[in-house]
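Chemist: Dumping the structure here so I can ask a few things about it.
Number of protein chains: 2
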Amino acid sequence: MRHTRRVDASTGPNPEDPTVTPPLRIALAQINATVGDIDGNTRRILDAMRAAEEAGAELVAFPELALTGYPPEDLLLKPAFISANLRALDQIARASRDCVAIVGFVDRQDDIFNAAAVLHGGRVVARYHKQYLPNYGVFDEDRYFRRGIEAPVFRLGEITIGVNICEDIWYAVGPTNAQSLAGAELIVNINASPFSDEKRSYRRKMLATRAGDNQVAVAYVNLVGGQDELVFDGASMVFAPSGDMLCHGKAFAEDLVIVDVDVAGVFRARLHDPRRRKAHLGQPVTRSEPIVIAERRTVPERAPRAVCMADVEISRVEEIYRALVLGVRDYMHKNGFTRAVLGLSGGIDSSLVAAVAADAIGAENVLGVSMPSRYSSQHSKDDARDLAEALGMEYRVVPIERGFQGLLDTMAETFAGLKEDVTEENMQARVRGQILMAISNKLGHLVLTTGNKSEVATGYATLYGDMAGGFAVIKDVPKMLVYALCRHRNAVGARPVIPESVLTKPPSAELRPDQTDQDSLPPYEVLDAILEAYVEDDRPIQEIVACGQFDVEVVRQVIGLVDRAEYKRRQAAPGIKVTPRAFGRDRRLPITNRFRE
Amino acid sequence: MRHTRRVDASTGPNPEDPTVTPPLRIALAQINATVGDIDGNTRRILDAMRAAEEAGAELVAFPELALTGYPPEDLLLKPAFISANLRALDQIARASRDCVAIVGFVDRQDDIFNAAAVLHGGRVVARYHKQYLPNYGVFDEDRYFRRGIEAPVFRLGEITIGVNICEDIWYAVGPTNAQSLAGAELIVNINASPFSDEKRSYRRKMLATRAGDNQVAVAYVNLVGGQDELVFDGASMVFAPSGDMLCHGKAFAEDLVIVDVDVAGVFRARLHDPRRRKAHLGQPVTRSEPIVIAERRTVPERAPRAVCMADVEISRVEEIYRALVLGVRDYMHKNGFTRAVLGLSGGIDSSLVAAVAADAIGAENVLGVSMPSRYSSQHSKDDARDLAEALGMEYRVVPIERGFQGLLDTMAETFAGLKEDVTEENMQARVRGQILMAISNKLGHLVLTTGNKSEVATGYATLYGDMAGGFAVIKDVPKMLVYALCRHRNAVGARPVIPESVLTKPPSAELRPDQTDQDSLPPYEVLDAILEAYVEDDRPIQEIVACGQFDVEVVRQVIGLVDRAEYKRRQAAPGIKVTPRAFGRDRRLPITNRFRE
Numbered sequence: 001m002r003h004t005r006r007v008d009a010s011t012g013p014n015p016e017d018p019t020v021t022p023p024l025r026i027a028l029a030q031i032n033a034t035v036g037d038i039d040g041n042t043r044r045i046l047d048a049m050r051a052a053e054e055a056g057a058e059l060v061a062f063p064e065l066a067l068t069g070y071p072p073e074d075l076l077l078k079p080a081f082i083s084a085n086l087r088a089l090d091q092i093a094r095a096s097r098d099c100v101a102i103v104g105f106v107d108r109q110d111d112i113f114n115a116a117a118v119l120h121g122g123r124v125v126a127r128y129h130k131q132y133l134p135n136y137g138v139f140d141e142d143r144y145f146r147r148g149i150e151a152p153v154f155r156l157g158e159i160t161i162g163v164n165i166c167e168d169i170w171y172a173v174g175p176t177n178a179q180s181l182a183g184a185e186l187i188v189n190i191n192a193s194p195f196s197d198e199k200r201s202y203r204r205k206m207l208a209t210r211a212g213d214n215q216v217a218v219a220y221v222n223l224v225g226g227q228d229e230l231v232f233d234g235a236s237m238v239f240a241p242s243g244d245m246l247c248h249g250k251a252f253a254e255d256l257v258i259v260d261v262d263v264a265g266v267f268r269a270r271l272h273d274p275r276r277r278k279a280h281l282g283q284p285v286t287r288s289e290p291i292v293i294a295e296r297r298t299v300p301e302r303a304p305r306a307v308c309m310a311d312v313e314i315s316r317v318e319e320i321y322r323a324l325v326l327g328v329r330d331y332m333h334k335n336g337f338t339r340a341v342l343g344l345s346g347g348i349d350s351s352l353v354a355a356v357a358a359d360a361i362g363a364e365n366v367l368g369v370s371m372p373s374r375y376s377s378q379h380s381k382d383d384a385r386d387l388a389e390a391l392g393m394e395y396r397v398v399p400i401e402r403g404f405q406g407l408l409d410t411m412a413e414t415f416a417g418l419k420e421d422v423t424e425e426n427m428q429a430r431v432r433g434q435i436l437m438a439i440s441n442k443l444g445h446l447v448l449t450t451g452n453k454s455e456v457a458t459g460y461a462t463l464y465g466d467m468a469g470g471f472a473v474i475k476d477v478p479k480m481l482v483y484a485l486c487r488h489r490n491a492v493g494a495r496p497v498i499p500e501s502v503l504t505k506p507p508s509a510e511l512r513p514d515q516t517d518q519d520s521l522p523p524y525e526v527l528d529a530i531l532e533a534y535v536e537d538d539r540p541i542q543e544i545v546a547c548g549q550f551d552v553e554v555v556r557q558v559i560g561l562v563d564r565a566e567y568k569r570r571q572a573a574p575g576i577k578v579t580p581r582a583f584g585r586d587r588r589l590p591i592t593n594r595f596r597e
Numbered sequence: 001m002r003h004t005r006r007v008d009a010s011t012g013p014n015p016e017d018p019t020v021t022p023p024l025r026i027a028l029a030q031i032n033a034t035v036g037d038i039d040g041n042t043r044r045i046l047d048a049m050r051a052a053e054e055a056g057a058e059l060v061a062f063p064e065l066a067l068t069g070y071p072p073e074d075l076l077l078k079p080a081f082i083s084a085n086l087r088a089l090d091q092i093a094r095a096s097r098d099c100v101a102i103v104g105f106v107d108r109q110d111d112i113f114n115a116a117a118v119l120h121g122g123r124v125v126a127r128y129h130k131q132y133l134p135n136y137g138v139f140d141e142d143r144y145f146r147r148g149i150e151a152p153v154f155r156l157g158e159i160t161i162g163v164n165i166c167e168d169i170w171y172a173v174g175p176t177n178a179q180s181l182a183g184a185e186l187i188v189n190i191n192a193s194p195f196s197d198e199k200r201s202y203r204r205k206m207l208a209t210r211a212g213d214n215q216v217a218v219a220y221v222n223l224v225g226g227q228d229e230l231v232f233d234g235a236s237m238v239f240a241p242s243g244d245m246l247c248h249g250k251a252f253a254e255d256l257v258i259v260d261v262d263v264a265g266v267f268r269a270r271l272h273d274p275r276r277r278k279a280h281l282g283q284p285v286t287r288s289e290p291i292v293i294a295e296r297r298t299v300p301e302r303a304p305r306a307v308c309m310a311d312v313e314i315s316r317v318e319e320i321y322r323a324l325v326l327g328v329r330d331y332m333h334k335n336g337f338t339r340a341v342l343g344l345s346g347g348i349d350s351s352l353v354a355a356v357a358a359d360a361i362g363a364e365n366v367l368g369v370s371m372p373s374r375y376s377s378q379h380s381k382d383d384a385r386d387l388a389e390a391l392g393m394e395y396r397v398v399p400i401e402r403g404f405q406g407l408l409d410t411m412a413e414t415f416a417g418l419k420e421d422v423t424e425e426n427m428q429a430r431v432r433g434q435i436l437m438a439i440s441n442k443l444g445h446l447v448l449t450t451g452n453k454s455e456v457a458t459g460y461a462t463l464y465g466d467m468a469g470g471f472a473v474i475k476d477v478p479k480m481l482v483y484a485l486c487r488h489r490n491a492v493g494a495r496p497v498i499p500e501s502v503l504t505k506p507p508s509a510e511l512r513p514d515q516t517d518q519d520s521l522p523p524y525e526v527l528d529a530i531l532e533a534y535v536e537d538d539r540p541i542q543e544i545v546a547c548g549q550f551d552v553e554v555v556r557q558v559i560g561l562v563d564r565a566e567y568k569r570r571q572a573a574p575g576i577k578v579t580p581r582a583f584g585r586d587r588r589l590p591i592t593n594r595f596r597e
């Protein structure tokens, strides 16, 4: 799982000169841990420790809570879980040798802490407790942990190292700063940082600034993998004290990034930095002596390492596509599913979900079911079939007419004399839900739902109908982004898989004759812009009207739909967070709520 | 909404003696606020202020966040929401006169705070910011608020008063202690404390201890009403500095409790208390001067008030029954529903839900639907009808056969050659879900689901089938407690409403011939004990086996069921928290989770 590229060897320091500190070879092990799988995570950690040693690394760092998986949520309230994690840490510590290992785990002292253990020579040399516990967005760490108060530094030979955890480094005045002032030349920051749109570039800028501000090398290791609604994107990075990026791990895949970090110039540069000397004023400073880990092994003739620069430049849309693929694969495999089923309507949403599923678990494991009704158009049926063929997935047609008629008969007496309305539309959608769930129950497939964020936001979906299923792949993907992802998938594959007509025809639920989505909703360009302003930015009506020159009645209608659909979203399947503010873990509103602004 | 009982007038101080501080007449306004309904809550507050003044109160206290409702969740991330609440506070302040009002609201300074405003004479005299923000169980206050750091005291004439908020008083060393050491003779503690089983007696003990330890009178005012999964139970209380309870408001209903609090003896008693003098050592103490609110009005000839002692002694089961009734009523009415529909199976769960619904919104607004299948027994159909008649609710029979057959036909080709299994059971349950949802869509009833906590825990329920609906009334009521609640309802009503046979026959889902719940589950006595140990107490397998002398395989089976049903619970309707650890807001476990202990 290594991915490297050669760089000019002359950039390394001179190994002939004994007065110069040779660079430190470090490894960043971005593993795909599973929540609660302490044995499996332990094996992954031990394997990566061996691989790092074989590559000559002197230090290997693992992600935040690598031992338990992240986020463990209320597993942290089980004493047996804490104990199992401590036993595993002990096992890993005993297996540690010359290469220093930094491992995320749950420490138990007078309380529990989100912690990093520094392991060397068969034992736990030191521990660090996370100081800044995030408790916003998808994070709830104040619920579980006490915050740490000490920011020690460590010595590996002549090199001074600070270890801290995730959120800690987002504070300009925090452990990174304190450890740097206490002499740290390298900060090892271990993370479980979930993906969202454009977060990676934000992270990169922040880390470069932190390195430059503190004249310190920064090694940032991130978790990778899907966990319920979150996808961790890996993309571990190392920055030179100048703020220059030295290497970059794969995005959305496991990786073992190995790099030689040169900190020989740090002390010299700091002697010339007048600001640093005054930065102590009013700052928290570690006054205690560094904790000595070990002398460094002599590595006189070691050549500089090739430098890994995987996935630095991938587009925003590709990043999201990969997040969806990894999210589906991990949700399925970590929960013991090999096969998925979804309804293929011939529309764009189910086409995207089919493509993602095929890429995630193999087209041979995906079953597409076309469930035509009396209102289904021929082009929809054709498009669904063409898509399934292009992807190479299994495809079935199960007409809903008999099931629908049976239900109409069932309700005939109760509804005698009442007019047809949205009830009958919902009944059709629910027969489709029944069919997919029956296949799931009988054959063991996981049902993937196909609603996008614009629908989830406005409640343009039927509870127990098209919302029925185990995983809602694109629930956090707005409709306009659905189009972009389809075009991306068509562009990067060997040949297009999503029929062109799917991309161009007007979206329709086909639950009554000649229906289109725009009978009930504003055009998706307008809708998505209003939704972003309301759902993600929490802007009030007048501000939304002003910023997009929208019609005030349209804005009011959309906001009303969003507010009233909260009860539906509570019963939606989990799905992958893609935007900065996903419904669910991220945006937590009451159902009972009379505020309308 | 007043409820009082006379006590011996001689316990009051002597109004003839001018050297003795006359008692302070205070009012506790336990209002039923609605989240987001700032205008409505403002009206409720203004009305109670007038009523308190008319009753001669010198001080009236409202619950925590009375202005916004509790918990406002991510409404707190909307600037427009904060502004609207501040405008409302301003309006209330302008309406304040001689009677001091203490009102819970969201303050905005350099950040936002969970705050109490002290209002008098048309203006905001002072503010208090909550210091201890709960972030466990159902609480997420660290997500929203900055914590306060000051604990001022106020002067009303010669009486010194400390104001603090909810969680603050649960800390022995905290604002209550600091304010008492700073001279407070009365602590006004404003709350939004949700109900759970046996919490009220725990609260009462704690408050009595806090009063006694600090030699301070404690006025505890609590919110009342249902908000999504929470029910606030009111039951406001006042304690004398001795720790004796002076009065007690209604449980599960609005109330305006008015009481004369005598603090004349506090200073004298403190002069005789050697421990108090040393309690300052190492404690946070408010050193600033008290904030003077006003002189007291002279009330020479005022007679001691009647003392309210409503609902002090109600049984545990009655308390829970009332919580369910209030929870259903408020969820429905606050969300604009007047009528409910539910499936009546003739079993005990749906019988309880029907009785609760009838008591909550009137039997005339509840529609019971019997949905017999080929496997339904005659006694089930009879019991369902008898129950509906006893309650006086509307009742319909809608057989599921035709709908079920339509679906079997729909799936015939796909399932050709495969055996019948649980799929067909689920299909029947889902036809029932379809019927209830169709009625809801067509006629506007809210669907109440009838699954109990034992079923929700073990996943003994069908997604989109019997789990389909808008509100899950008894999802946090274990099966054994369902029986107790039914017996309670039969005992307290004019005559029994739940047929005796419902209470005695073996529980069955009737989805195949001669099925009973105990084909798949251990007896409910055993099941509920194991569930309590695992779900509420987070005990590991071996400890559960040891504490109940259960069979290890049974314990393992139950735990496995609970863990695997997490995905179902994520899609369950919201329902009323009754136990100390409800699924949902309270017990937050990952779906993807390999920990099994």
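Here the protein sequences come in this chain order: D and B.
Reminder that position 10 of the first sequence reads as 10 in my numbering, one-by-one numbering, no gaps.
Reminder that position 19 of the second sequence reads as 19 in my numbering, one-by-one numbering, no gaps.
A virtual CB, placed ideally from N, CA and C, is assigned to each residue, including glycine.
Since this is a predicted model, take the numbers as computed values, not measurements.
(1) So D:Arg588 contacts chain B; which residues on that side make the cut at Cβ distance below 7 Å?
(2) Taking C-alpha atoms, which residue in D:Thr579, D:Arg556, D:Val100 lies nearest to D:Ile530?
(3) Suppose you measure from the CA of B:Ala360 to the CA of B:Ala484; what does that come to, to the nearest Å?
(4) Figure out for me which residue from B:Arg123, B:Pro72, B:Pro79 has the closest Cα to the Cα of B:Ile92.
(5) When the Cα of B:Val482 is compared with those of B:Arg87, B:Val356, B:Gln428, B:Ala494, which residue comes out closest?
(6) Are the C-beta of D:Thr450 and some C-beta of chain B separated by less than 9 Å?
(7) Please confirm whether D:Phe415 has its beta-carbon closer than 9 Å to some beta-carbon of chain B.
(8) Smallest Cα separation from D:Pro499: which of D:Val118, D:Val552, D:Arg385?
(9) With C-beta atoms as the reference, is B:Val552 less than 9 Å away from B:Phe583?
(10) Below 9 Å on C-beta distance, what does D:Arg396 contact in chain B?
(11) To be precise: take each residue of the region 74-108 of chain D, compare its Cβ to all Cβ atoms of chain B, and keep it if any distance is under 8 Å. Which residues remain?
(12) Sorted by chain position, which residues of the same chain lie with C-beta nearer than 6 Å to B:Ala101's C-beta, five sequence neighbours on each side aside?
(13) Over what stretch of residues does the alpha helix (DSSP H) that includes B:Leu485 continue unbroken?
(14) Can you give the Cα-Cα distance for D:Gly575 and D:Arg305, rounded to whole angstroms?
(15) Using a 10 Å radius around the Cβ and a threshold of 16 neighbouring Cβ atoms, would you call D:Leu342 buried or exposed?
(16) Does B:Val35 get closer than 9 Å to chain D when you measure Cβ to Cβ?
(17) Any residues in the region 379-403 of chain D with a beta carbon nearer than 9 Å to a beta carbon of chain B? Which ones, in chain order?
(18) May I ask you to verify whether the region 196-203 of chain D touches the region 316-323 of chain D, counting CB pairs closer than 8 Å and requiring at least 3?
(19) State the Cα-Cα distance for the pair B:Asn189 and B:Phe239, rounded to the nearest angstrom.
(20) Mind pulling the chain D residues with CB within less than 7 Å of B:Arg570?
(21) Once you ignore the five residues that flank B:Gly392 on each side, which residues in its own chain have a CB closer than 6 Å to its CB?
(22) Comparing alpha-carbon positions, which option in B:Asn335, B:Leu77, B:Lys381, B:Glu141 lies nearest B:Val502?
(23) For D:Gln434, which of D:Leu418, D:Met371, D:Gln571, D:Asp244 has the nearest alpha-carbon?
(24) Around the C-beta of B:Glu58, are 16 or more other C-beta atoms found within 10 angstroms, so that it is buried, or is it exposed?
(25) So what's B:Met49 in DSSP terms, helix, strand or just coil?
Modeler: The answer reads as follows:
(1) What D:Arg588 touches in chain B: Glu73, Asp74.
(2) The candidate whose alpha carbon is nearest that of D:Ile530 is D:Arg556.
(3) Across the structure, B:Ala360 and B:Ala484 are spaced so that their CA atoms are roughly 19 Å apart.
(4) Measuring from the Cα of B:Ile92, the nearest candidate turns out to be B:Arg123.
(5) Nearest of B:Arg87, B:Val356, B:Gln428, B:Ala494 to B:Val482, Cα basis: B:Val356.
(6) False, the Cβ-Cβ gap to chain B never drops below 9 Å.
(7) Judged by the 9 Å Cβ criterion, D:Phe415 is in contact with chain B.
(8) Answer by Cα proximity: D:Arg385.
(9) With a cutoff of 9 Å on beta-carbon distance, B:Val552 and B:Phe583 are scored as not near each other.
(10) Taking the beta carbon of D:Arg396 as reference, the chain B residues within 9 Å of it are Glu413, Thr414, listed in sequence order.
(11) Here the close residues are Asp74, Leu75, Leu77, Lys78, Pro79, Ala80, Phe81, Ala84.
(12) Answer for B:Ala101: Met49, Val60, Leu119, listed in chain order.
(13) Counting along the chain, B:Leu485 sits inside the alpha helix (DSSP H) bounded by residues 479-492.
(14) So the alpha carbons of these two residues sit roughly 40 Å apart.
(15) A residue is called buried when at least 16 other Cβ atoms come within 10 angstroms of its Cβ; D:Leu342 meets this threshold and is buried.
(16) Yes, because at least one Cβ of chain D sits closer than 9 Å to the Cβ of B:Val35.
(17) So the list reads Arg396, Val398, Pro399, Ile400, Glu401, Arg402, Gly403, given in the order they occur along the chain.
(18) As far as the Cβ criterion goes, the region 196-203 of chain D touches the region 316-323 of chain D, which means the pair count is three or higher.
(19) Straight-line measurement puts the Cα of B:Phe239 at about 11 Å from the Cα of B:Asn189.
(20) Those within 7 Å of B:Arg570 in chain D are Pro574.
(21) Within the same chain, Ala363 come within 6 Å of B:Gly392 by CB-CB distance, once the 5 residues on both sides are set aside.
(22) For B:Val502, the nearest C-alpha among the options comes from B:Lys381.
(23) Nearest option by C-alpha distance: D:Met371.
(24) Answer is buried; the Cβ neighbour count reaches 16.
(25) Note: B:Met49 maps to helix in three-state DSSP.
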